[in-house]
Every structure is written in C-alpha cells, then in structure tokens.
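Undergrad:
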C-alpha cells in the first residue's frame, strides 16, 4: 500500500484519511500546509497512510463479518509493516495518531487498542460507534473494534495504565450528529480513570476549514 511522509524529523504522526479517502488527502485538503511550521521546525513528521474502507466498513456487498475481518487485516498491516518502516528512519518514540471524520475513528480506535504505542491521540469530528456499518451483525471482532462498546468494559490493568498516560483529544462540533458518540466515549474513559479532553466547537464544525484550526491547536496537546 502507498503512503506519504512529510517532515524531516520529529514526533511521528500517523494520519488516517476520511471515509474511503486516500493517502494524499491530508496534503490535498490543506492539512499539511496548516502544519507547515511544525514540519519545518522538525517537531513532527506526518505519516499519511492509505485506507481500505471500500473493502471493509463501506463494502456493502460483503458479509459484515468479512468487513470487520478486512479492517482487522488493515490494523495488522499498520502494526506489522507501517510502524516498523517508520522506526527504520525515525527513532522518536512520541507517536501520535490523528484523523478527521471516519479517519478519526481509525486513529482513536487504533490508539485505544494499542495504547503502548501512542502518546497522543487527536480525533477530529469522529464517529466512535460503527454499528450502522454492519447491518445489525455483532461478534467479538466487532465488539473489540467499536470504541463506545469495548471502553465500557475495560478490565486489563496494564491497558488502563497505558491509556492514562496517553493525551486523548476528541474535538467535535456542538451540532455534529456524531457528538453523542464522542460524549459517550469520553464518559466511558473517565469512568475508568482515563483522562481525556472532549472539546466542543460551535456549530457543525465538520469540514476542512474547521479541521485546519483544530489540528493547529491540538497537535501540541489539549488546550
């Protein structure tokens, strides 16, 4: 799979595209330009990966179990190929994950499931309940990839401890239809003592001009 890397050094930022988006979307939509100073100063390095949404969550002709399984293959690719590749040229251990809209789902889900890897997670206008993508189907694989569900029952002490050391930022518009899933996820995490910054923006705030502003604010941590 293809990817783009921006920046000569700095904290690796794993960037997931929006629904069925491509690895070049972050650049095309002005998000790379919005982070120009951070890149020029060597504070961050953007790792913009491709997606398989059209083969997983958005693949309407496939059985729901197959959609979830394809997503899990994607996660394995990120963990087993992308992460080692990045580590081959960047030894900075302050990993971040981010994405907008459905990309935020990927970023947050990936960071919650692999908290030992990430130090900061930035979800912009994300959706964290993906039941609508599986037509009523439910199994363990889906459960462990649906953030509002599995964060309700966090039990592993080491996972909770790792999450507590992660800077988790959820930014969402007050009028965004996805706001309830953000609030529920935030509440679930707080219930387990996992701090997080739920930031509500005025209006809908679900488009690139807002995301330009959000990423500039939150790339350095919650306000």
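In my numbering, the protein residues as written are 4 to 226. Note that beta-carbon positions come from the ideal geometry of N, C-alpha and C, so glycine has one too.
1. Are the CB atoms of residue 115 and residue 150 within a distance shorter than 8 Å?
2. I'd like to know whether the C-beta atoms of residue 178 and residue 207 end up nearer to each other than 8 Å.
3. Measure the C-alpha to C-alpha separation of residue 125 and residue 14 and round it to an integer number of angstroms.
4. Should residue 106 and residue 24 be called a contact, given that it needs their Cβ atoms to be closer than 8 Å?
5. Using DSSP with H/G/I as helix, E/B as strand and the rest coil, what is residue 106?
6. In its own chain, which residues sit with a C-beta less than 8 Å from the C-beta of residue 12, not counting the 5 before and 5 after it?
7. Considering only their Cβ atoms, is the gap separating residue 74 from residue 222 smaller than 8 Å?
8. Indicate the three-state DSSP secondary structure (helix, strand or coil) for residue 222 in the structure shown.
9. Find out if the Cβ-Cβ distance for the pair residue 7, residue 43 is shorter than 8 Å.
10. Which runs of the alpha helix (DSSP H), 4 residues or longer, sit entirely within the segment 57 to 108?
11. With DSSP run on the structure shown, which of helix, strand or coil describes residue 177?
12. For residue 97, which residues from the same chain have a beta carbon less than 7 Å from its beta carbon, with the 5 sequence-adjacent residues on both sides left out?
13. Here's the rule I'm using: 16 or more other beta-carbon atoms within 10 Å means buried, otherwise exposed. How should residue 194 be labelled?
14. Three-state secondary structure (DSSP) at residue 202?
15. For the alpha helix (DSSP H) containing residue 188, list its first residue and its last residue.
TA: Quick answer:
1. As a first step, residue 150 must be located in the chain shown, where it is residue number 147. As a first step, residue 115 must be located in the chain shown, where it is residue number 112. It is a contact, given that the beta carbons lie within the stated cut-off.
2. On the chain shown, position 175 is the one that residue 178 refers to. On the chain shown, position 204 is the one that residue 207 refers to. Yes, the pair counts as a contact, with Cβ atoms nearer than the cut-off.
3. Walking along the chain shown from the start, residue 125 turns up at place 122. Walking along the chain shown from the start, residue 14 turns up at place 11. Roughly 14 Å separates the two Cα atoms.
4. Taking the first residue of the chain shown as position 1, residue 106 is located at position 103. Taking the first residue of the chain shown as position 1, residue 24 is located at position 21. The answer is yes: Cβ separation under 8 Å.
5. The count along the chain shown starts at 1 and reaches residue 106 at position 103. Three-state result, residue 106: helix.
6. Position 9 of the chain shown, counted from the start, is the residue given in the question as residue 12. 45, 48, 93 and 95.
7. Taking the chain shown and counting its residues from 1, the one referred to as residue 222 is at position 219. Taking the chain shown and counting its residues from 1, the one referred to as residue 74 is at position 71. It is not a contact, given that the beta carbons lie outside the stated cut-off.
8. What you label residue 222 is simply residue 219 of the chain shown in a count that begins at 1. Three-state DSSP puts residue 222 in coil, outside helix and strand.
9. In the chain shown, residue 7 corresponds to position 4, counting from 1. In the chain shown, residue 43 corresponds to position 40, counting from 1. In terms of Cβ geometry, residue 7 and residue 43 do not form a close pair [threshold 8 Å].
10. With a minimum length of 4 residues, the continuous alpha helix (DSSP H) runs that stay inside the segment 57 to 108 are 67 to 80 and 86 to 90.
11. Indexing the chain shown from 1 puts residue 177 at position 174. Judged by DSSP in its simplified three-state form, residue 177 adopts coil rather than helix or strand.
12. Walking along the chain shown from the start, residue 97 turns up at place 94. Within the same chain, residue 97 has close Cβ partners 14 and 122.
13. Taking the chain shown and counting its residues from 1, one reaches residue 194 at position 191. When all chains shown are included, residue 194 counts as exposed.
14. The residue you call residue 202 lines up with position 199 of the chain shown. The answer is strand: DSSP assigns residue 202 an E or B state.
15. By one-based count along the chain shown, residue 188 stands at place 185. Segment 182 to 194, the alpha helix (DSSP H) holding residue 188.
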